[in-house]
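Here the structure comes first, spelled out in structure tokens, and everything after it is commentary.
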Amino acid sequence: MGNNRSGESRGASLVELALALPILIMLLVGMVSAGIAFNHELALTHAAREGGRHAATLPVTNFASMDNWLNEVATQVVDDATGTLASGVPGRYICVAYVHPNGTLASDSTKSRIDTTSGITYNSAPCFADGRPNDERRVQVEVRRDTDFDVVFFSSTINLDAPAVNRFEAGVGF
Numbered sequence: 021m022g023n024n025r026s027g028e029s030r031g032a033s034l035v036e037l038a039l040a041l042p043i044l045i046m047l048l049v050g051m052v053s054a055g056i057a058f059n060h061e062l063a064l065t066h067a068a069r070e071g072g073r074h075a076a077t078l079p080v081t082n083f084a085s086m087d088n089w090l091n092e093v094a095t096q097v098v099d100d101a102t103g104t105l106a107s108g109v110p111g112r113y114i115c116v117a118y119v120h121p122n123g124t125l126a127s128d129s130t131k132s133r134i135d136t137t138s139g140i141t142y143n144s145a146p147c148f149a150d151g152r153p154n155d156e157r158r159v160q161v162e163v164r165r166d167t168d169f170d171v172v173f174f175s176s177t178i179n180l181d182a183p184a185v186n187r188f189e190a191g192v193g194f
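See below:
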């Protein structure tokens, strides 16, 4: 009589592979998807910080209006985001604000620029409550976007965001 153990082992290995392979593929796809989402979060954080720093040192005297200054800062934020905030990105939101509610000069007022997928608006509110003193001249940058988290049979949309606040250090006045 012959020993048929090697054939049984191969059959059992094939069944084990058939059971384990979907789980391994889900883990692999999930890790790649999480890595992409983490990369987007890092790019948003970098864009908010660098855009805020750029705005904090960009004199408003170089521009004919505060709207032009806000446009320049928003352009810098998009450039620093390395494609993560390009037009057409789902859930794209860029808010840039010059905040100084208790000032005495004409330029000492709060003004913000909000860029979403539906267009650009300007208003006199800050991007977010930052808890800083009202007499402190500062710049706020807030960026957001959606990204998908996929794990083969499961998918979810995650909203990523990154705020930044910098004390305004450049010259003031128009």
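The numbering of the sequence shown is my numbering, which starts it at 21 and goes up by one.
Every residue gets a Cβ at the ideal spot worked out from N, C-alpha and C, and that includes glycine.
Would you please state the rounded distance, in angstroms, between the beta carbons of residue i and residue j? I believe it to be under 8 Å.
| i | j | result |
| --- | --- | --- |
| Glu-92 | Leu-78 | 7 Å |
| Thr-136 | Pro-146 | Not quite, the Cβ-Cβ distance comes to about 17 Å (not below 8 Å), so this is no contact. |
| Tyr-113 | Arg-164 | 4 Å |
For the candidate residues the options, whose alpha-carbon lies nearest to that of residue i?
| i | options | result |
| --- | --- | --- |
| Arg-197 | Gly-111, Val-119, Ser-53 and Ser-132 | Look at the range of the chain in this structure, 21 to 194, and you will see that residue 197 is not part of it. |
| Asp-99 | Ala-68, Asn-88 and Gly-108 | Ala-68 |
| Gly-111 | Leu-48, Trp-89 and Leu-64 | Leu-64 |
| Ala-117 | Arg-73, Leu-105 and Ala-84 | Arg-73 |
| Phe-148 | Glu-156, Cys-115 and Gly-139 | Cys-115 |
| Ser-144 | Thr-81, Phe-173, Leu-90 and Arg-152 | Leu-90 |
| Gly-108 | His-66, Ser-138 and Ile-45 | Ser-138 |
| Tyr-142 | His-66, Pro-153 and Ser-85 | Ser-85 |
| Phe-173 | Leu-34, Ser-29, Ser-53 and Ser-33 | Ser-53 |
Alpha carbon to alpha carbon, how far is residue j from residue i? Give it in angstroms, no decimals.
| i | j | result |
| --- | --- | --- |
| Asp-4 | Val-171 | Here the chain has residues from 21 to 194 only, and residue 4 is not among them. |
| Ser-132 | Glu-36 | 59 Å |
| Leu-180 | Val-97 | 16 Å |
| Gly-31 | Leu-48 | 25 Å |
| Pro-42 | Asn-59 | 26 Å |
| Asp-87 | Gly-103 | 24 Å |
| Pro-183 | Ala-101 | 13 Å |
| Gly-55 | Thr-81 | 42 Å |
| Asp-155 | His-66 | 27 Å |
| Met-46 | Ala-106 | 29 Å |
| Met-51 | Pro-153 | 42 Å |
| Ala-38 | Ile-134 | 51 Å |
| Ser-29 | Leu-44 | 21 Å |
| Ser-33 | Ile-140 | 59 Å |
Going by the CB atoms, is the gap between residue j and residue i shorter than 8 Å?
| i | j | result |
| --- | --- | --- |
| Asp-166 | Ser-175 | no |
| Gly-71 | Val-161 | yes |
| Ala-57 | Ile-178 | yes |
| Gly-76 | Ala-190 | Residue identity check: residue 76 is Ala in the sequence provided, not Gly. Yes. |
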